[in-house]
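Residue numbers (our numbering): 79 to 149. What follows is a set of notes on a single structure, which appears directly below.
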């Protein structure tokens, strides 16, 4: 659901982000909360922590990056 000029697809019922096409459609970022089954992958880092909500605490030991992950 969404307009064709957008790279984001939203749920037609609630408006939640379902996925985004990025890098001119070469990649698809899927919102993990939309999956029914375990995808079998786990996070490897936290990106954009420079703009995270001040009340959110990262409680694991994964690398953290203010913006994009380095290389």
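All C-beta atoms, glycine included, are put in the ideal place defined by N, C-alpha and C.
Taking DSSP as the reference, what is the three-state secondary structure of residue i?
i          : result
residue 98 : strand
Quick one, which of the options has its alpha-carbon nearest residue i's?
i           : options               : result
residue 126 : 145, 85, 100 and 89   : 145
residue 129 : 90, 92 and 143        : 143
residue 95  : 132, 147, 103 and 108 : 108
residue 138 : 120, 148, 112 and 131 : 120
residue 87  : 102, 101 and 106      : 106
In its own chain, which residues sit with a C-beta less than 6 angstroms from the C-beta of residue i, not counting the 5 before and 5 after it?
i          : result
residue 85 : 98 and 99
For the beta strand (DSSP E) containing residue i, name the first residue and the last one.
i           : result
residue 87  : 86-88
residue 105 : 105-108
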